[in-house]
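For the sequence shown, the residue numbers in the numbering used here are -7 to 170.
Take a look at the structure below.
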Amino acid sequence: MRISLVLLFALLTMPAIGRAQTVPPPDPKPAPTAPATDGFEAAPVPPQEELYRKFTGAMENVRLAGVFTVRGREDAPPKREEYLIESVKKLPQGDFWMFKARIRYGDKDVSLPLPLEVKWAGDTPVITLTNFTIPGLGTFDSRVVIHDGKYAGTWTHGNATGHLFGTVERITPPQPLP
């Protein structure tokens, strides 16, 4: 009986062994697989040159008009702010852009060129200041998203921090900065 079971096992596994020998060896470089999306797919991102062209056009002769809040002073109304941007131009260094801008908030009013870093979240520009000193105003950390005629973000200046938000409006006719 013992021999019969061994013989039966050998006979049953023979076809499987034969098939296993005809399977090609695994490819040393497996084909890349798309990550699981669970039904969600990211929108395609346009080429970098197109993003840059659109950003340059969207930020030419515009006013960012809005308000900012200060954390810890939630009972105070938001304060008005305004940024006039005559132009932006991509610089050859990394993610930096030259903003020709005028900044007005509180009793401050300064016009100057600002080399600012712009990062991209997909097709959305994020103006990024990290320990950045603006002459006459001080040192700031900030992240400002520009999207669909609006801006929103966070800011820090010394021990003060808060949020800012508003609209991006075309200035017609263009107003040269002082």
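Using N, Cα and C, we set each Cβ at its ideal position, and we do this for glycine too.
Small disclaimer: the values here were computed from a predicted structure and weren't measured.
By the C-beta density criterion, E73 is buried, having at least 16 other C-beta atoms within 10 angstroms. T153 and R135 do not touch by the CB rule: their CB atoms are close to 12 Å apart, not below 8 Å. Annotation for T159: the continuous beta strand (DSSP E) segment containing it runs A152 to R162.
Between I163 and R96, the CB-CB gap reaches or exceeds 7 Å.
A93 is classed as buried because its beta carbon has at least 16 other beta carbons within 10 Å across all chains shown. Counting only the Cα atoms, L121 lies some 7 Å from L108. Beta-bridge partners of K111 (DSSP): V118. Runs of beta strand (DSSP E) with 3 or more residues, each lying fully within the segment 42 to 82, are found at 54 to 60 and 71 to 82, listed in chain order.
Taking E52 as the centre and dropping the five residues before and after it, the same chain places the C-beta of S79 closer than 6 Å to its C-beta, in chain order. For V37, there is no enclosing beta strand (DSSP E), since its DSSP letter is neither H nor E. Beyond the five residues adjoining it in sequence on each side, T116 comes within less than 8 Å, by CB distance, of V137, I138 and H139 in the same chain, given in chain order. Its Cα nearest to that of V59, the residue L156 stands out among V160, L156, P168 and E161. Straight through space, the alpha carbons of G64 and G128 are spaced by roughly 25 Å. V62 has its alpha-carbon roughly 9 Å from the corresponding atom of K71. G145: member of the beta strand (DSSP E) spanning K142 to H149, first to last residue.
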